[in-house]
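> Before I ask anything, let me first share the structure, which is written out below as structure tokens.
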Amino acid sequence: MSNQNDLAYGGYYQGTEPGSGDGSRGLGDTFKKLRDTYTSHGSGQANQTDNSGGYQGHDQNQNTSGQHQTPKEDKLSGFLGKLQSTVTELGSEFAQKIGTALDPQAYAEYGLSKPSTEHRFGSFAPTREHNDVKWHVDGCSYFWAVSRALENARESIWILNWWLSPELYLRRPPAKNEQYRLDRMLQAAAQRGVRVNVIVYKEVPQALTLSSSHTKEALESLHPNIAVFRHPDHMPDRQELVADIESTFKNISLDSASLSKMSKDTLKGLYGMNDDVILYWAHHEKLCLVDGRIAFMGGLDLCFGRWDTNQHGISDLHPSDVSQNVYPGQDYNNSRVLDFQDVAHWENNELDRKTMSRMGWSDISVSLHGAAVEDLRRHFVERWNFIYDLKYKVRNETRYARLALHGTPASSTGPSTGQQQAGSPQPNSNSSGQANPHGQPPAPSWQHKPSEVTSPTYPPPPGQTSSSPSQPQSQPQQYQQYQQYQQQNPPTSYNSEDASTYPPPPSQSHLGHQSQSAQPPSYDPSQYSYTGNSFPPPPPGPPPAQFNANTSYQHYQQGQQQEQTPYFPPPPGQETSHYNTRGIDDHQHGGDRDRGSLVPDRLREDLTQYGNSLRGQLAGQIHHYQDRLATYGRPSASQGRGNMSCQIVRSCAKWSNGSQLEHSVANAYCAIIRNSEHFVYIENQFFITATGDSQHPVKNQIGAAIVERILRAARAGQKYKIVVVLPSVPCFAGDLGDEKTLGTRAIMEFQYNSISRGGHSIMELIAKEGFNPTEYIRFYNLRNYDRINNGSMVAAAEQQSGVNYEDARRQHDLNTAGPGGNAPSATSSAFDTSAPLEQYQQAAQQVQGGHASSGRWDSVSECYVLGGEDIRNVPWDGHPDAEIDAFVSEELYVHSKVMIADDRVVVCGSANLNDRSQLGDHDSEIAVIIEDFTPVASSMDGKPWTASHFASSLRRQLFRKHLGLLPPQDYQRPDANFEPVGVPNHFDFDCPESKVVADPLSDTTQSLWNSRARTNTEVFRKVFHAVPDDTIRNWAEYKEFYEYYFHKNEKEAEGLEGSASPARFQWGHVVSDDFAPGAEGARQVKELLSQVKGTLVEMPLMFLIEEDVAKEGLTLNELTETLYT
1 MSNQNDLAYG
11 GYYQGTEPGS
21 GDGSRGLGDT
31 FKKLRDTYTS
41 HGSGQANQTD
51 NSGGYQGHDQ
61 NQNTSGQHQT
71 PKEDKLSGFL
81 GKLQSTVTEL
91 GSEFAQKIGT
101 ALDPQAYAEY
111 GLSKPSTEHR
121 FGSFAPTREH
131 NDVKWHVDGC
141 SYFWAVSRAL
151 ENARESIWIL
161 NWWLSPELYL
171 RRPPAKNEQY
181 RLDRMLQAAA
191 QRGVRVNVIV
201 YKEVPQALTL
211 SSSHTKEALE
221 SLHPNIAVFR
231 HPDHMPDRQE
241 LVADIESTFK
251 NISLDSASLS
261 KMSKDTLKGL
271 YGMNDDVILY
281 WAHHEKLCLV
291 DGRIAFMGGL
301 DLCFGRWDTN
311 QHGISDLHPS
321 DVSQNVYPGQ
331 DYNNSRVLDF
341 QDVAHWENNE
351 LDRKTMSRMG
361 WSDISVSLHG
371 AAVEDLRRHF
381 VERWNFIYDL
391 KYKVRNETRY
401 ARLALHGTPA
411 SSTGPSTGQQ
421 QAGSPQPNSN
431 SSGQANPHGQ
441 PPAPSWQHKP
451 SEVTSPTYPP
461 PPGQTSSSPS
471 QPQSQPQQYQ
481 QYQQYQQQNP
491 PTSYNSEDAS
501 TYPPPPSQSH
511 LGHQSQSAQP
521 PSYDPSQYSY
531 TGNSFPPPPP
541 GPPPAQFNAN
551 TSYQHYQQGQ
561 QQEQTPYFPP
571 PPGQETSHYN
581 TRGIDDHQHG
591 GDRDRGSLVP
601 DRLREDLTQY
611 GNSLRGQLAG
621 QIHHYQDRLA
631 TYGRPSASQG
641 RGNMSCQIVR
651 SCAKWSNGSQ
661 LEHSVANAYC
671 AIIRNSEHFV
681 YIENQFFITA
691 TGDSQHPVKN
701 QIGAAIVERI
711 LRAARAGQKY
721 KIVVVLPSVP
731 CFAGDLGDEK
741 TLGTRAIMEF
751 QYNSISRGGH
761 SIMELIAKEG
771 FNPTEYIRFY
781 NLRNYDRINN
791 GSMVAAAEQQ
801 SGVNYEDARR
811 QHDLNTAGPG
821 GNAPSATSSA
831 FDTSAPLEQY
841 QQAAQQVQGG
851 HASSGRWDSV
861 SECYVLGGED
871 IRNVPWDGHP
881 DAEIDAFVSE
891 ELYVHSKVMI
901 ADDRVVVCGS
911 ANLNDRSQLG
921 DHDSEIAVII
931 EDFTPVASSM
941 DGKPWTASHF
951 ASSLRRQLFR
961 KHLGLLPPQD
971 YQRPDANFEP
981 VGVPNHFDFD
991 CPESKVVADP
1001 LSDTTQSLWN
1011 SRARTNTEVF
1021 RKVFHAVPDD
1031 TIRNWAEYKE
1041 FYEYYFHKNE
1051 KEAEGLEGSA
1061 SPARFQWGHV
1071 VSDDFAPGAE
1081 GARQVKELLS
1091 QVKGTLVEMP
1101 LMFLIEEDVA
1111 KEGLTLNELT
1121 ETLYT
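Listed below in structure tokens is the structure:
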């Protein structure tokens, strides 16, 4: 980097005087460089002989003797010197004073992003360094982490969800965590002056039961500081179709069978084809931003049906104590049996938990902070303002206003500087400035940022006592202290009073040139490579320094408590822009022209550049000083830096975002697969892709990238594998033979045509080249079992109390919930001994002789994971036949959207692997590409391999979970993985269970993976007749294997009167005809189930291979088929 350009690119630093900076230049540095540059023109012109370094209009040949003359300092040089000195001395105090007068326009222009065509993968966002990211596997730990952020929110909460359930409990069980219901947390934040902005997908009511209207009404009724947008409105742009729309919507059901029978003209009327505004495209992102500093994103919506533990128990019947219920109301859901119904009355659930299981939910999300959060903020602001201008601006309600990317949100507790909020809704008169009623004790050391990263600590919510964290420890020490903390604080007492503050995102003080300098000018898949022959080195800079958490926290707290000094989140680290604003160049053609040129033209250009950039520079520096008011002098080079590179990618278009088409998610998937070296792991809800242009209507080319990479490895004799985990039945279908499941069957057919059928599938193209495709790519599903504790105790308690368990459960949920988002009130029924709940609870205590039950065997999901009890040793308190019938199985629904390549790079977000998510002009999506430069010594195909800490720990965590090599997760005993980013993931790389899955290509790992999948598959086939199954090749075999046992017999079809007769067995239960009666049969069932380890099963690629799966009895028309791709 030349001396001439080092300031512009953020690399200038000489000396250690106050006000200097490393990547994020101080204002003192700017004025010093300006003065030095000006001075050099007076003192060094004699030595300028190189034309490339000369200035126009200056005699290059004068003073050729090289003699140096000390110039007399002129007035401008002196002025610049004094200005530089003054700014340097003022330091953060100067920045603090001018903070309230910050120029929002200049700040917004500072660091403007480059056009998307200049960023990798064609993304709107560049690759950004110095981030910190944390994975959260399944909803239990993720929702806990979200609750931590929400209870500490100080300025803003921005949520973008496909579905949001106000009544969702972020911590369980609900009876012990009433204040952690989502609507109550948002209400409490709003009462503190936090602005809450929510965007949810506006569904088609005839097709989905999300009830976004309930979401909007329930949340906005809580406080004026909460604003909810619903979008899109699904109305066509062509006015002549309105009448057809209205007539079509009357008395119709938009299920798959109905859609398949509609005419093309009717479907066009439904869709509204102008500008490709299509009825069924959805906002599918899952994003939560708190204070513009910490982000949560991935596959998990904040809604019913998503909360789950790592062992995925699917039973929630608690005979001895109804208050132990984990899934209140319709949160206990099995969409394959019964979809959500009237969610505004969420407490009503027609799914009887005494006989039917819920469906387990496997998902992955992340929390992150650092420079990449700014791109997520930009994405949200773009979406919010687009919808506001389109729909809500005309309403002129003070609740709704445009958002500004930079500046603090307007709220009831402070000014709206730099914000475009049109008005500030006032808090409730009795809540403004109220402290959180739950005090917080000193935080254990595991809750604070480790020494590798220096960052301030989030202060507690207003009114709470701050903690005094001890010196950070290394992760093993942290975890030991956490275990000690658990022993001293029993889990039953872990509630909001134990909730202490968590570390915030590090100071984003070094966003300068590091991230942008590595950006290629445009997206070119052939040039992209995320790995080389060796693991990429960490970003340049000295090693991280130790820090004192107390000092850092005090500095942060001081900055937060300054009145009327808003925090301005940093703009992206981009090159300084040129601005058409008043600066030095405003006068260069004025007085200078009259008096003659006082300075050379090149110097004038430099002065112009410096002057025009000072305004933006000044604005861009405010957040640096405010983050460290007491840090005088050059900041530590490691301050606020994570070791991860992140890039935000998305799918969006005019209809969804008001922006140009972007499909950077698809570009990233293709490039990462093509450039992978050894191994790719994909876990996704769907797998619909094309290998070329012959698989209409599927368009995305991820399949082509897979074929290309596998054939390249096969021809080179390289060991290479792709492992894909999917749900066995997408979209929750029940009986696949029912015409109402046409949509599910269509998706299954598109997936089979992508994988192994139709002539152009991935496996077929590989086989045509003479290679065995199963040596390179294999597909798997997940399934689990449980036992509903519906033994003799439930019957005895119901008989003695005269109350059905479900009635008691419903009243318990209502008593816990209270009305709306308000705190639960003591209703009269809660203390009425004649009420169902109290009657049942008293009877249950009497039945068990007054002895409290631990409830351990209310679920037996621990039996197939590490350290769990052998199912053969688990007691049962009823008849053996009843125990056989109490065992249930269900597919474990894979909802993840993650890809891991070579244990080095991770893609995680909301995007499914199908056209809807990947094309850009269909569903809107968001994802993050994560590359962690923290090395982990590992192996690949038996050879040493340097993996990344983040990618390898996540991939091993998932392998261990699916193989049953994780201990059961206790939702009442939170560990480090429950905390948001700032507390590192706890993962033991050296334990035996981790080492056995360390090398995904090793024979040991492959043998363990495939043998457990095969054994589990065979057990579920024998015990539960689970479908789909490889032994079922046609509909006749399907009827024999499944419908004979589980399908209702239609008496009308047999010429008899009456409705359908009940099936021989309920779906998901044991087919007891295959076992002996009584105790021997129960022993046989448990003997087989004892072989199940983990949840991994084989994907049945031969299922219905002899049939046209999607078109049996019905035809898909040209428009409906694209809905399923």
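Numbering-wise (full-length UniProt numbering), the sequence shown opens with residue 1 and increments by one. Just so you know, even glycine gets a beta-carbon here, dropped at the ideal spot from N, CA and C. All figures in this text were calculated on a predicted structure; none of them were measured in a lab.
Scan the region 639 to 693 and note each continuous alpha helix (DSSP H) run of 4 residues or more that stays entirely inside, going in chain order.
654 to 657 and 664 to 675
> If you run the structure through DSSP and keep just helix, strand and coil, what is Pro697?
coil
> Please work out which residues of its chain come closer than 7 angstroms, Cβ to Cβ, to Lys1111, disregarding the five sequence neighbours upstream and downstream, and give them in chain order.
Sequence-distant Cβ neighbours of Lys1111 in its own chain, meaning closer than 7 angstroms and more than five residues away, do not exist here.
> For Leu351 versus Asn325, is the C-beta spacing smaller than 8 angstroms?
no
> What first and last residue would you give for the alpha helix (DSSP H) that runs through Asn1010?
Asp1003 to Phe1024
> Work out the CA separation of Asn784 and Ile314 for me, nearest whole Å.
Taking the straight line from one Cα to the other gives about 8 angstroms.
> If you compare alpha carbons, which of Asn643, Leu302, Met644 and Asn667 is closest to Ser651?
Asn667
> If you reduce the DSSP assignment to three classes, tell me which class Ser509 lands in.
Residue confidence is low: Ser509 scores 34 on pLDDT, short of 50, so the model does not pin down where it sits. Its coordinate-derived value is still stated next. DSSP, reduced to helix, strand and coil, places Ser509 outside both helices and strands of the structure shown, so it counts as coil.
> Please tell me whether His678 and Leu954 are closer than 8 angstroms, where the distance is taken between their beta carbons.
no
> Looking at C-beta atoms only, is the number of pairs between the region 1070 to 1080 and the region 878 to 892 that lie closer than 8 angstroms three or more?
yes
> Go ahead and label Asp858 buried or exposed: buried means 16 or more other beta carbons lie within 10 angstroms of its beta carbon, across all protein chains shown.
buried
> Leaving out five residues before and five after Thr230 in sequence, what residues of the same chain have Cβ atoms less than 7 angstroms from its Cβ?
Looking at the sequence itself, residue 230 is Arg, so the reference to Thr does not match. Once the five neighbours on either side are set aside, the close Cβ partners of Arg230 are Val200, Lys202, Ser212 and Lys216.
> What three-state label does DSSP hand Glu1043 in the structure shown?
helix
> Using CA atoms only, rank isn't needed, just tell me which of Asn912, Thr934 and Asp813 is closest to Glu925.
Asn912
> Using 8 angstroms as the threshold, is the region 775 to 784 in touch with the region 1081 to 1097, meaning 3 or more CB pairs across them?
yes
> What does the Cβ neighbour count give for Gly759, buried or exposed, with the cut at 16 atoms within 10 Å?
exposed
> Compute the beta-carbon to beta-carbon distance between Glu374 and Thr816, rounded to the nearest angstrom, for a pair I have assumed lies under 8 angstroms.
Contact flag wrong, Cβ pair sits at about 39 angstroms.
> Put Gly298 into one of helix, strand or coil per three-state DSSP.
Strand, per DSSP.
> Keeping to the same chain, check which residues put their C-beta closer than 7 angstroms to that of Gln488; ignore five residues upstream and five downstream.
Note that Gln488 scores a pLDDT of 45, beneath 50, so its modelled location is shaky; the value from the coordinates is reported in the next line. Correct list: empty, nothing qualifies.
> Would you identify the three-state DSSP class for Phe380, choosing helix, strand or coil?
helix
> With a CB to CB cut of under 7 angstroms and the five nearest residues on each side skipped, what residues in its chain are close to Val133?
Val366, Leu368, Met644, Cys646, Ile930, Phe950 and Val981
> My guess is that Val898 and Val907 are in contact by the Cβ rule of under 8 angstroms, so how many angstroms apart are they, rounded?
7 angstroms
> Where in the region 742 to 820 do unbroken runs of the beta strand (DSSP E), each at least 3 residues long, occur, reported from the N-terminal end onward?
777 to 787
> Does the region 993 to 1010 touch the region 937 to 950, meaning 3 or more C-beta pairs lie closer than 8 angstroms?
The region 937 to 950 is in contact with the region 993 to 1010.
> Across the region 986 to 995 and the region 790 to 807, are there enough close Cβ pairs to call them in contact, namely three or more that are closer than 8 angstroms?
no
> If I follow the unbroken alpha helix (DSSP H) through Val847, where does it start and stop?
Per DSSP, Val847 belongs to the alpha helix (DSSP H) from Pro836 to Val847.
> My guess is that Val997 and Arg960 are in contact by the Cβ rule of under 8 angstroms, so how many angstroms apart are they, rounded?
6 angstroms
> Look up Trp135 in the DSSP assignment and give the residues it is bridged to.
Partner(s): Val366.
> Counting only the same chain and skipping the five closest in sequence on each side, list residues whose C-beta sits under 8 angstroms from that of Asp885.
His1069, Val1070 and Ser1072
> If you run the structure through DSSP and keep just helix, strand and coil, what is Gly1081?
helix
> Thinking C-beta only, is Ser147 closer than 8 angstroms to Tyr180?
yes
> Given this structure, state the Cα-to-Cα distance separating Asp331 from Trp307, to the nearest angstrom.
When the Cα atoms are used, Asp331 and Trp307 turn out to be separated by approximately 8 angstroms.
> Which residue wins for smallest C-alpha separation from Tyr280, given the options Ser917, Arg1021 and Ser320?
Ser917
> In whole angstroms, give me the CA-to-CA distance for Phe386 and Glu397.
17 angstroms
> If we count the other Cβ atoms within 10 Å of its Cβ and call it buried at 16 or more, is Ser1007 buried or exposed?
exposed
> Looking at C-alpha atoms only, which residue of Lys699, Met763 and Val725 is the closest neighbour of Ile706?
Ranking the options by Cα distance to Ile706, first place goes to Met763.
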